[in-house]
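K.L.:
Residue numbers (the UniProt record's numbering), protein chains in the order written: chain A, 1 to 259; chain B, 1 to 259. Once you've had a glance at the structure underneath, I'll fire off some questions.
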DNA sequence: CGTGCGGTTGATGTAAATCAACCCATGTGG
DNA sequence: CCACATGGGTTGATTTACATCAACCGCACG
């Protein structure tokens with residue numbers, strides 16, 4: 001029995017990545033925005049409630065209204081929508097350090113579902129505290145806006161990916177994005193990133209069917225882009241993937257600063 | 001020979017919709033945000049340079065950096081990206097009243113191309129003036145942010161549309177969205193909206209081929225959803241389209257106000 | 001009066017979906 | 001500790017939606 005709705009009741013005694021607290025969130029923002037040390041510190045000092053989610057736990061449901069602002073500290077989460085025939089499309093994948101729901105601050109109801117993909121740790125930040133910080137510090141407001149804009153840019157790239165690339169390069173493109181985005185907050189070697197995503201989820205992510213994902217994964221493995229052992233899926237050679245997808249990461253807007 | 005880059009040089013003597021000036025922009029914002037009369041007035045008094053664009057004129061190119069903020073007063077414009085194999089995907093369609101490029105204020109380079117789809121009138125607002133207004137009036141800042149968030153929401157719906165719906169309902173869904181979005185700023189009867197988009201553009205919009213669009217249009221016509229006379233394409237019966245697409249417009253976030 | 005763009009049509013090809021088993025690892029309860 | 005249920009994953013046969021190729025048409029326009 002787990003909460004259908006996030007509340008601010010604290011989970012006492014979580015020896016989670018809550019140790020490093022919101023540091024990963026700050027690192028994520030730094031990947032695209034410059035923040036003065038005191039801005040960083042202010043962010044790190046935000047009050048929050050840590051919470052551990054199981055894979056599949058809902059964080060927010062379409063049509064609902066959210067009262068809190070969850071940040072993803074570890075694990076993966078995703079946004080998805082359903083078509084009338086039951087078909088599902090994953091419309092965004094969130095990684096450690098990502099803010100999960102900045103939009104509910106400004107829109108009345110959610111237009112999509114938000115769900116944990118793996119076991120995940122989130123930090124639930126009270127809206128008040130965040131609003132206060134944003135009002136007080138323009139640089140932080142700007143960094144959060146840039147975050148929103150970059151998520152939109154990623155969405156556009158996904159449209160191109162799903163609308164115009166075949167299964168093989170589509171999959172390769174997604175895996176490249178995964179590596180590049182994870183690289184921001186993770187110190188892992190660029191290779192040996194493992195992909196804790198089922199084939200069905202990959203299908204819903206890329207607008208394909210699980211069976212076709214299965215066969216396409218085999219092709220990618222034959223090409224040397226990935227390695228599979230049992231159910232584990234690991235990035236083999238990013239360069240191979242980059243080649244297949246003609247991948248370029250400009251749409252991730254790393255190290256911005258309009259200035 | 002037309003400008004490859006927008007500048008602030010005024011086009012004198014344009015008896016454009018520049019008469020009503022930025023009113024349509026205000027109306028668009030009012031469709032999702034409440035604005036006090038003085039906020040509205042402040043927006044209407046923004047300085048701007050009107051400019052008429054021909055169909056196909058570029059407003060911004062991928063990789064470029066924009067110095068101005070264009071608003072669409074009449075006509076249609078769209079964002080698009082190219083895949084490595086030359087395939088093109090239209091990732092957003094902008095309608096009268098829409099701000100065309102709020103993101104360049106905060107991101108260094110454009111991640112997509114922005115082009116006029118039809119003859120179009122735009123108002124080029126100096127960034128300074130807009131920034132000043134945003135700083136002075138929180139409600140306006142909020143309204144613009146909501147605008148950005150809604151565009152992102154539309155993008156997610158497009159992902160669902162392209163990823164999970166077949167050609168017929170995909171096309172119907174798009175046409176529904178067109179009608180609903182135009183209804184905001186246009187007083188036209190909900191029916192008899194005409195769609196000044198070529199079949200090739202529809203194909204790039206929906207991730208299909210022109211020939212398949214052609215055949216799918218015929219099906220839609222047979223179903224009574226649209227009417228075609230020569231090259232004209234007109235909405236016939238929105239309810240038919242709604243049925244085919246199982247259309248719901250919640251993702252457009254009309255009449256928000258978190259409150 | 002040609003020229004070209006957008007649209008239309010038919011024949012054919014193919015990437016991906018669908019259907020239907022079956023496999024295997026893991027976990028669970030008797 | 002075995003029996004069984006379950007959730008991925010794998011595989012092959014078949015179908016289908018959409019792409020591709022290649023004409024041709026007709027209006028608009030310079």
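Idealized CB from N, CA, C, for every residue including glycine.
1. Per DSSP, what kind of secondary structure is residue 146(A) in: helix, strand or coil?
2. Per DSSP, which residues does residue 234(A) bridge with? Please list them.
3. Could you check whether residue 226(B) and residue 160(B) sit closer than 8 Å to each other, using their CB atoms as the reference points?
4. Name the chain A residues whose beta carbon is nearer than 7 Å to that of residue 61(B)?
5. Residues of chain B with a CB under 9 Å from the CB of residue 81(A): which are they?
6. Under the rule that 16 or more other beta-carbon atoms within 10 Å means buried, what is residue 75(A), buried or exposed?
7. What's the call for residue 85(B), buried or exposed, on a 16-neighbour Cβ count within 10 Å?
8. Mapping the DSSP letters down to three states, classify residue 100(A) as helix, strand or coil.
9. Tell me the DSSP bridge mates of residue 90(A)?
10. Between the beta-carbon of residue 264(A) and the beta-carbon of residue 204(A), is there less than 8 Å?
11. Can you give the beta carbon distance from residue 110(A) to residue 67(A), rounded, assuming they're within the 8 Å contact cut?
12. Can you tell which of 168(B), 140(B) and 155(B) has the C-alpha that lies nearest to the C-alpha of residue 46(B)?
13. Between which two residues does the alpha helix (DSSP H) containing residue 222(A) stretch?
14. Kindly list, in the order they appear in chain A, the residues whose Cβ is closer than 8 Å to that of residue 223(B).
15. At a CB-CB cut-off below 8 Å, which residues of chain B make contact with residue 146(A)?
16. Determine the chain B residues that contact residue 256(A) at a beta-carbon separation under 7 Å, and present them in chain order.
17. Quick one: is residue 260(B) near chain A, going by C-beta distance under 8 Å?
18. At which residues does the beta strand (DSSP E) containing residue 134(B) begin and terminate?
19. Going along chain B, which residues have a C-beta under 7 Å from residue 246(A)?
20. Quick one: give me the first and last residue of the beta strand (DSSP E) that residue 116(A) is part of.
21. Are three or more beta carbon pairs between the region 165-184 of chain A and the region 17-33 of chain B nearer than 8 Å?
22. Bridge partners for residue 121(B) per DSSP, in chain order?
23. Under 8 Å between C-beta atoms, does residue 112(A) make it to chain B?
24. Can you find a CB in chain B that lies within less than 8 Å of the CB of residue 117(A)?
25. Residue 199(B) and residue 32(B) - do their beta-carbons sit closer together than 8 Å?
26. Within 8 Å, do at least three Cβ pairs link the region 38-57 of chain B to the region 121-134 of chain B?
27. Look at the alpha carbon of residue 172(B) and the alpha carbon of residue 21(B), and state the distance between them as a whole number of angstroms.
28. How would you write the range of the alpha helix (DSSP H) that residue 205(B) sits in, first residue to last?
29. Give a yes or no on whether the minimum CB-CB distance between residue 132(B) and chain A is below 8 Å.
30. Are the beta-carbon atoms of residue 101(A) and residue 117(A) separated by less than 8 Å?
31. Can residue 133(A) and residue 42(A) be called in contact, C-beta distance under 8 Å?
32. Relative to the C-alpha of residue 54(B), which candidate in 77(B), 34(B), 170(B) and 39(B) has its C-alpha closest?
33. Closer than 7 Å between beta carbons: that is the criterion. Which residues of the UniProt domain "HTH crp-type" (165-239) of chain B meet it against chain A?
P.N.:
On the basis of the supplied data:
1. Here residue 146(A) corresponds to residue number 146 of the first chain, with the count starting at 1. If DSSP states are grouped into helix, strand and coil, residue 146(A) belongs with the helices.
2. If you number the first chain from 1, residue 234(A) lands on position 234. According to DSSP, residue 234(A) bridges with 194(A) and 227(A).
3. Residue 160(B) sits at position 160 when you count from the first residue of the second chain. Residue 226(B) sits at position 226 when you count from the first residue of the second chain. No.
4. Counted from its first residue, the second chain places residue 61(B) at position 61. Under the 7 Å cutoff, chain A gives no residues; its nearest Cβ is about 13 Å from residue 61(B).
5. Against the first chain, residue 81(A) aligns to sequence position 81. Correct list: 156, 157, 159, 160, 164 and 251.
6. Residue 75(A) sits at position 75 when you count from the first residue of the first chain. Buried, by the Cβ-count rule.
7. Within the second chain, the letter at position 85 stands for residue 85(B). That one is exposed.
8. Counted from its first residue, the first chain places residue 100(A) at position 100. Note: residue 100(A) maps to coil in three-state DSSP.
9. The count along the first chain starts at 1 and reaches residue 90(A) at position 90. Bridge partners of residue 90(A): 80(A).
10. Coverage of chain A is limited to positions 1 through 259, which leaves residue 264(A) absent and any answer about it impossible.
11. Within the first chain, the letter at position 110 stands for residue 110(A). Within the first chain, the letter at position 67 stands for residue 67(A). Contact between residue 110(A) and residue 67(A) does not hold, since their C-beta atoms are separated by about 12 Å, which reaches or exceeds 8 Å.
12. Within the second chain, numbered from 1, the residue matching residue 46(B) stands at position 46. Checking every option, the nearest Cα to that of residue 46(B) belongs to 140(B).
13. One-based indexing of the first chain puts residue 222(A) at position 222. According to the DSSP assignment, residue 222(A) belongs to the alpha helix (DSSP H) that extends over 210-222.
14. As a first step, residue 223(B) must be located in the second chain, where it is residue number 223. Here the premise fails: no neighbours, minimum Cβ distance about 16 Å.
15. Translated into positions along the first chain, residue 146(A) becomes position 146. What residue 146(A) touches in chain B: 106 and 107.
16. The count along the first chain starts at 1 and reaches residue 256(A) at position 256. Near residue 256(A) (Cβ distances below 7 Å), the residues of chain B are 107 and 108.
17. A question about residue 260(B) goes unanswered here, because the residues of chain B that appear run from 1 up to 259.
18. On the second chain, position 134 is the one that residue 134(B) refers to. Run containing residue 134(B): none in the beta strand (DSSP E); it sits in the alpha helix (DSSP H), 127-136.
19. Position 246 of the first chain, counted from the start, is the residue given in the question as residue 246(A). Near residue 246(A) (Cβ distances below 7 Å), the residues of chain B are 84.
20. Numbered from its first residue, the first chain carries residue 116(A) at position 116. Here the beta strand (DSSP E) through residue 116(A) covers 113-116.
21. no
22. For the purposes of this step, residue 121(B) is taken as residue 121 along the second chain, with counting starting at 1. Paired residues: 52(B) and 74(B).
23. What you label residue 112(A) is simply residue 112 of the first chain in a count that begins at 1. Yes, because at least one Cβ of chain B sits closer than 8 Å to the Cβ of residue 112(A).
24. Reading the first chain from its first residue, position 117 is the one you call residue 117(A). No - not a single Cβ of chain B is within 8 Å of the one on residue 117(A).
25. As a first step, residue 32(B) is located in the second chain; it is residue number 32 there, counting from the start. As a first step, residue 199(B) is located in the second chain; it is residue number 199 there, counting from the start. For residue 32(B) and residue 199(B), no; Cβs fall outside 8 Å.
26. yes
27. One-based indexing of the second chain puts residue 172(B) at position 172. One-based indexing of the second chain puts residue 21(B) at position 21. Inter-residue distance for residue 172(B) and residue 21(B) is about 33 Å (C-alpha atoms, whole angstroms).
28. Residue numbering aside, residue 205(B) sits at position 205 when the second chain is read from its first letter. Segment 199-206, the alpha helix (DSSP H) holding residue 205(B).
29. On the second chain, position 132 is the one that residue 132(B) refers to. Not an interface residue.
30. Within the first chain, numbered from 1, the residue matching residue 101(A) stands at position 101. Within the first chain, numbered from 1, the residue matching residue 117(A) stands at position 117. Their beta carbons are not under 8 Å apart, which means residue 101(A) does not touch residue 117(A) by this criterion.
31. By one-based count along the first chain, residue 133(A) stands at place 133. By one-based count along the first chain, residue 42(A) stands at place 42. It is a contact, given that the beta carbons lie within the stated cut-off.
32. Walking along the second chain from the start, residue 54(B) turns up at place 54. Answer by Cα proximity: 77(B).
33. 165 and 207
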